[in-house]
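>
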Ligand SMILES: [Zn+2]
Ligand SMILES: [Zn+2]
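In the working numbering, the protein residues as written are 1022 to 1255.
1. Determine the DSSP secondary structure at residue 1164, reduced to helix, strand or coil.
2. Between the region 1079-1092 and the region 1034-1051, are three or more C-beta pairs nearer than 8 Å?
3. Using the three-state DSSP reduction, which class does residue 1081 fall into: helix, strand or coil?
4. Going by the C-beta, is residue 1066 closer than 7 Å to any heavy atom of ligand 2?
5. Per DSSP, residue 1245 is paired with what?
6. Which residues in the same chain have their Cβ closer than 6 Å to the Cβ of residue 1172, if we skip the five residues on either side of it in sequence?
7. In chain order, what residues have a CB nearer than 5 Å to some heavy atom of ligand 1?
8. Please say whether residue 1218 and residue 1246 have beta carbons closer to each other than 8 Å?
9. Can residue 1165 and residue 1222 be called in contact, C-beta distance under 8 Å?
10. Just to confirm, are residue 1252 and residue 1098 a CB contact at a threshold of 8 Å?
11. Since residue 1141 sits in a beta bridge, which residues does DSSP pair it with?
12. Give the secondary structure of residue 1198 by DSSP, where H, G and I count as helix, E and B as strand, and everything else as coil.
13. Within the present structure, is the beta-carbon of residue 1189 separated from the nearest heavy atom of ligand 2 by less than 7 Å?
14. Taking all protein chains shown into account, decide if residue 1029 is buried (16 or more other Cβ within 10 angstroms of its Cβ) or exposed.
15. Below 8 Å, how does it come out for the region 1139-1149 and the region 1173-1181: are there three or more Cβ pairs, yes or no?
16. What residues in its chain sit with their C-beta under 6 Å from that of residue 1178, if we drop five residues either side in the sequence?
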């Protein structure tokens, strides 16, 4: 291809030549802590690799019925390697990362029943969208919706502006996020099974709050997929 000649494919993270545009090189791929089995069958929480937990293992949170969504999947663990990709993607305009991230997220969906009717990126407050210029979750949601062959819903839910949650604990995050979402178009939500898309899951407070307003508006199921998730030892 002439484009490959003019712009040879290179790893988006380190510029090493690769065979396909947008894909990671072998070293960068190996540096990510991809989540494989065994993991929680419901929320995708990764377990130590040497645990034999049988057919449908559940983490303590899901075993006690407190999972934020009907199911959640993450491509990799939030650590130095994934943070090194995620922060420039989210705050540094590196939107070209969306390609390998969304592909990894589609891979993360390989063991769930994909019956979602719509794909919905976690909304960004307008004020934040204005400053950042893009909603990173929407960049990830587009290729996922395309791969699943379902509609993407961008403006059914609005998000009010709240200050950054960067250094808050779980309780403070839950308080900060409460009441932040409102359903602008209930007809787009009612009776639907919705797959939420976000770049990172930390405490799960955002998903939990979004699910609450979606179920209130008549959604029948709410799932989630993220690029990376915080995974503390349990
Ligand atoms: Zn690389
Ligand atoms: Zn779980």
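For glycine and all other residues, C-beta sits at the position ideal for the given N, C-alpha and C.
With the given structure in hand:
1. helix
2. With the cut-off at 8 Å, the region 1079-1092 and the region 1034-1051 do not touch.
3. helix
4. yes
5. 1093, 1217
6. Only residues of its own chain outside the window of five on either side were considered, and among them 1139 have a CB closer than 6 Å to the CB of residue 1172, listed in chain order.
7. 1032, 1034, 1035, 1037, 1046, 1049
8. yes
9. Contact flag unset, no.
10. yes
11. 1217
12. helix
13. In terms of side-chain proximity, the C-beta atom of residue 1189 is found no nearer than 7 Å to any non-hydrogen atom of ligand 2.
14. The residue in question, residue 1029, is exposed, as its Cβ has fewer than 16 Cβ neighbours within 10 Å.
15. yes
16. 1144, 1202, 1204
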